[in-house]
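A.B. asks: One structure, pasted below without further comment.
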Amino acid sequence: MLTKTEEIAEGVLKGDRRSIAKAITIIENSMPGAQELIAQIFPHTGKAHVIGLTGAGGAGKSTLIEKIVREYRRKGKTVGVIAVDPTSPFTGGAFLGDRIRMQELSTDEGVYIRSMATRNYAGGISKATKDAAKILDAAGKDVVIVETAGAGQSEVEIVKVAQTIVVMHAPGLGDEIQAIKAGIMEIADIFVVNKADRENANMTTVDIQAMLQMSNKKGGWKPPVLKTVALTGEGVPELIEKLEEHRCFLEGDTECKENLLKTKAEAELQEAIKERISRALIDQLKREGKLDELLREIVEKKIDPASAAEKLVKKAINDA
Amino acid sequence: MEDARKIRVLIAKPGLDSHDRGAKVVARALRDAGMEVIYTGLRQTPEQIAETALQEDVDVIGLSILSGAHKTLFPRIMELLKKQGLTDVMVFAGGIIPEEDVSEMKKLGIKEIFGPGTTTEEIIRYVVDNLPKRD
């Protein structure tokens, strides 16, 4: 007979959503069995890429996460999200509103979102956030994203939870003197300037870049400064690319990097092939004077475009 | 050391009406009463509400509706919750729900319905007094 904790741990490892939910509640409230539960899942952790996203309240963290998750899903990866919002130091209550920006992800089975309150733990996360990330990792999520509560200058606890830290800015919040200050600016692996469609976005980017250039650090990872528009998703594919690069960098793995470059190369090659083949086939049809006839057949619904294309490609390959 | 387990509440607005003042007032009141309130915004489908309740492991769900579609949406929500195994979650509702529909809604498993004029204190007291026992 399994104990209740063992049963929940097993459920977590199978990726069962109800078990994940209960497991996080147990560790969040330090209920009996919490330690045992973590001990049981611990050997199964370490596979997920844990990403921390931090920045001021209103910078666009939740909105950007929605777009990041969609992009990872498009690539076939499963994603866990932990969204932290502040607990009131006066009443102990909390208003957890990050899901509002991620509504449509709720019903995607490859995504699990959990809201957590800081419960007065300092640094923009809660005491249990690290273990909650472990639970989602053990449950088989490829990527776990931790969104901190809106952070000011010194909330750097997230470095203890995540492998890759994204620090998010929005234009108009300060000049290069803010950029040079200690604290949150020191923990970024990737800087994101969101709301890049607004005035002053370039200024903010330049301020951060100038600060980075003052660094004496030789070699190693150089934090890129990226621009995004979270509302439209602009800049998100580039962000994912950098996140993947950083994951490879952490693994110190040249093969990882090579695979990444190969994947990118494959996509580019596909695109190039598509363009050339289609141009060559259309040109050939034109030369042979058959294009008009084929188009008429499609218009008259005698053949559908996909079947026509397949015939053409097959013929071209056989002829070659 | 076991901390006092926090009460987690999902405040959700199913359907198409966009009057969220009431939902926000209730969310805010429960927050000030020391609860953790998850607010998911407007225009939620029954599927989104049930799945959010599951992922967030809430003790209580408050549904706010002013569109008149409660007779369609509430049965669907209650059915999905049951399907997810969330029968130990307490569900209450508020908004514009005619008196003659109340008993039908309660038969679905909705514990209480709060109409216009209810004070936030009444809702807080009701939630605290009727917290489900969950494992």
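Chain order of the listed sequences is B and X. Quick note: the first sequence uses numbering that gives the first Met the number 0, first residue 0, plus one each step. Quick note: the second sequence uses numbering that gives the first Met the number 0, first residue 0, plus one each step. Think of the CB as a built atom: it goes at the ideal place given N, C-alpha and C, for glycine as much as any other residue.
1) Give, in chain order, every residue of the segment 94-105 of chain B whose Cβ lies closer than 7 Å to some Cβ of chain X.
2) At 3 residues or longer, what runs of the beta strand (DSSP E) sit wholly inside the segment 96-150 of chain B?
3) Output, in chain order, the set of chain X residues within a Cβ distance shorter than 8 Å of isoleucine 23 of chain B.
4) Hey, quick one: how far does the alpha helix (DSSP H) through phenylalanine 73 of chain X stretch, first residue to last?
5) Which one of X:Gly114, X:Asn129, X:Ala32 has the shortest CA to CA distance from glutamate 99 of chain X?
6) I'd like to know whether the C-beta of aspartate 16 of chain X is nearer than 9 Å to at least one C-beta of chain B.
7) Going by DSSP, what residue range makes up the beta strand (DSSP E) through phenylalanine 91 of chain X?
8) Looking at the strands, I want to know which residues DSSP matches up with tyrosine 38 of chain X.
9) Can you tell me whether DSSP reads leucine 52 of chain B as helix, strand or coil?
10) State the Cα-Cα distance for the pair threonine 253 of chain B and isoleucine 67 of chain B, rounded to the nearest angstrom.
11) Under a three-way DSSP split, which group does threonine 262 of chain B fall into?
12) So which residues of chain X does alanine 116 of chain B contact, with C-beta pairs closer than 7 Å?
13) In this structure, how does DSSP classify glycine 116 of chain X when only helix, strand and coil are distinguished?
14) Please name the residue or residues paired with lysine 226 of chain B in a DSSP beta bridge.
15) Mark methionine 0 of chain X as exposed unless 16 or more other C-beta atoms lie within 10 angstroms of its C-beta, in which case mark it buried.
16) Using three-state DSSP, classify phenylalanine 89 of chain B as helix, strand or coil.
17) Indicate the three-state DSSP secondary structure (helix, strand or coil) for glutamate 1 of chain X in the structure shown.
18) Taking the straight line between their C-alpha atoms, what separation do you get for methionine 115 of chain B and isoleucine 281 of chain B?
19) Assuming serine 102 of chain X is part of the alpha helix (DSSP H), what are its boundary residues?
20) Mind checking if glutamate 46 of chain X is an interface residue toward chain B, Cβ cutoff 9 Å exclusive?
21) Residues of the segment 19-33 of chain X with a CB closer than 8 Å to any CB of chain B: list them in chain order, please.
22) As a quick exercise: from B:Gly232, B:Ser18, B:His245, pick the residue whose alpha carbon is nearest that of glycine 219 of chain B.
23) Nearest by alpha-carbon distance to methionine 101 of chain B: which of B:Val80, B:Ile124, B:Met210, B:Val205 is it?
24) Are the segment 8-28 of chain X and the segment 289-308 of chain B touching, with three or more C-beta to C-beta distances below 8 Å?
25) For chain B, find out if any of its Cβ atoms is closer than 9 Å to the Cβ of tyrosine 125 of chain X; answer yes or no.
26) Does the separation of the CB atoms of alanine 49 of chain X and leucine 80 of chain X fall below 9 Å?
27) Listing by chain order, which chain X residues have their CB less than 7 Å from the CB of alanine 47 of chain B?
28) If we ignore side chains and look at the alpha-carbon of each, how far apart do valine 127 of chain X and lysine 216 of chain B end up?
29) Suppose contacts are defined by Cβ-Cβ distances below 9 Å. Is aspartate 136 of chain B in contact with valine 143 of chain B by that definition?
30) Hey, does methionine 213 of chain B have any beta-carbon neighbour from chain X nearer than 9 Å?
31) The segment 92-118 of chain X: which residues have C-beta closer than 7 Å to a C-beta of chain B, in chain order?
32) Measuring CA to CA, which of B:Thr2, B:Pro88, B:Ala33 is closest to methionine 34 of chain X?
33) Give the range of the alpha helix (DSSP H) segment to which alanine 52 of chain X is assigned.
C.D. replies: Based on what the coordinates show:
1) Taking 7 Å as the upper bound on Cβ-Cβ separation, chain X lies near residues Phe94, Leu95, Gly96, Arg98, Ile99, Gln102, Ser105 of the segment 94-105 of chain B.
2) Qualifying beta strand (DSSP E) stretches, in chain order: 110-116, 142-146.
3) Position 24 of the first sequence holds residue 23 of chain B. Correct list: Asp56.
4) Numbered from its first residue, the second sequence carries residue 73 of chain X at position 74. Looking at the DSSP string, the run of the alpha helix (DSSP H) that includes phenylalanine 73 of chain X is 69-82.
5) Counting from one through the second sequence, the residue named residue 99 of chain X turns up at place 100. Answer by Cα proximity: X:Gly114.
6) Within the second sequence, the letter at position 17 stands for residue 16 of chain X. Not closer than 9 Å to any Cβ of chain B, the Cβ of aspartate 16 of chain X fails to qualify, so no.
7) As a position in the second sequence, residue 91 of chain X is number 92, starting the count at 1. For phenylalanine 91 of chain X, the enclosing beta strand (DSSP E) starts and ends at 89-94.
8) Here residue 38 of chain X refers to the residue found at position 39 when the second sequence is read from its first residue. Beta-bridge annotation (DSSP): tyrosine 38 of chain X is paired with X:Ile10.
9) Taking the first sequence and counting its residues from 1, one reaches residue 52 of chain B at position 53. Correct three-state label for leucine 52 of chain B: strand.
10) Indexing the first sequence from 1 puts residue 253 of chain B at position 254. Indexing the first sequence from 1 puts residue 67 of chain B at position 68. Each residue's alpha carbon lies about 25 Å from the other.
11) The residue you call residue 262 of chain B lines up with position 263 of the first sequence. The three-state reading of DSSP puts threonine 262 of chain B in helix, counting H, G and I together.
12) Here residue 116 of chain B is taken as the residue at index 117 of the first sequence, counted from 1. Within chain X, Glu35 have C-beta atoms less than 7 Å from the C-beta of alanine 116 of chain B, given in sequence order.
13) In the second sequence, counting from the first residue as 1, residue 116 of chain X sits at position 117. Coil, per DSSP.
14) Your numbering for residue 226 of chain B matches position 227 in the first sequence. According to the DSSP secondary-structure assignment, lysine 226 of chain B is paired through a beta bridge with B:Val192.
15) If you number the second sequence from 1, residue 0 of chain X lands on position 1. Only weak support is given to the placement of methionine 0 of chain X: the predicted model assigns it a pLDDT of 40, under 50, and the value that follows is read from those uncertain coordinates. The residue is exposed, with fewer than 16 neighbouring Cβ atoms inside 10 Å.
16) Mapped onto the first sequence, residue 89 of chain B falls at position 90. The answer is coil: DSSP assigns phenylalanine 89 of chain B none of H, G, I, E or B.
17) Sequence index remark: in the second sequence, residue 1 of chain X carries index 2 (1-based). Low confidence applies to glutamate 1 of chain X: its pLDDT is 43, below 50, so where it sits in the model is not reliable, and the reading given next is rough at best. Coil at glutamate 1 of chain X, not helix or strand.
18) The residue you call residue 115 of chain B lines up with position 116 of the first sequence. The residue you call residue 281 of chain B lines up with position 282 of the first sequence. Whole-angstrom Cα-Cα distance: 57 Å.
19) By 1-based counting over the second sequence, the position of residue 102 of chain X is 103. Its alpha helix (DSSP H) spans residues 98-106.
20) What you label residue 46 of chain X is simply residue 47 of the second sequence in a count that begins at 1. So yes, glutamate 46 of chain X belongs to the interface.
21) Answer set for the segment 19-33 of chain X: Ala26, Arg27, Leu29, Arg30, Asp31, Ala32, Gly33.
22) Residue numbering aside, residue 219 of chain B sits at position 220 when the first sequence is read from its first letter. The shortest Cα separation from glycine 219 of chain B among B:Gly232, B:Ser18, B:His245 belongs to B:His245.
23) One-based indexing of the first sequence puts residue 101 of chain B at position 102. By alpha-carbon distance to methionine 101 of chain B, the top candidate from B:Val80, B:Ile124, B:Met210, B:Val205 is B:Val80.
24) Between the segment 8-28 of chain X and the segment 289-308 of chain B there are fewer than three inter-stretch CB-CB distances shorter than 8 Å, so the stretches are not counted as touching.
25) Numbered from 1 along the second sequence, position 126 holds the residue referred to as residue 125 of chain X. No, tyrosine 125 of chain X does not count as interfacial toward chain B.
26) Taking the second sequence and counting its residues from 1, the one referred to as residue 49 of chain X is at position 50. Taking the second sequence and counting its residues from 1, the one referred to as residue 80 of chain X is at position 81. The answer is yes: Cβ separation under 9 Å.
27) Position 48 of the first sequence holds residue 47 of chain B. Simply none; closest approach about 17 Å.
28) As a first step, residue 127 of chain X is located in the second sequence; it is residue number 128 there, counting from the start. As a first step, residue 216 of chain B is located in the first sequence; it is residue number 217 there, counting from the start. Using only the alpha carbons, I get a separation of about 56 Å.
29) On the first sequence, residue 136 of chain B is found 137 positions in, with the first residue counted as 1. On the first sequence, residue 143 of chain B is found 144 positions in, with the first residue counted as 1. Yes. Within cutoff.
30) As a working note, residue 213 of chain B is residue 214 in the first sequence. Methionine 213 of chain B does not count as touching chain X.
31) Answer in chain order: no residues at all.
32) By one-based count along the second sequence, residue 34 of chain X stands at place 35. Closest by C-alpha distance to methionine 34 of chain X, out of B:Thr2, B:Pro88, B:Ala33, is B:Pro88.
33) Counting from one through the second sequence, the residue named residue 52 of chain X turns up at place 53. Element bounds for alanine 52 of chain X: 45-55.
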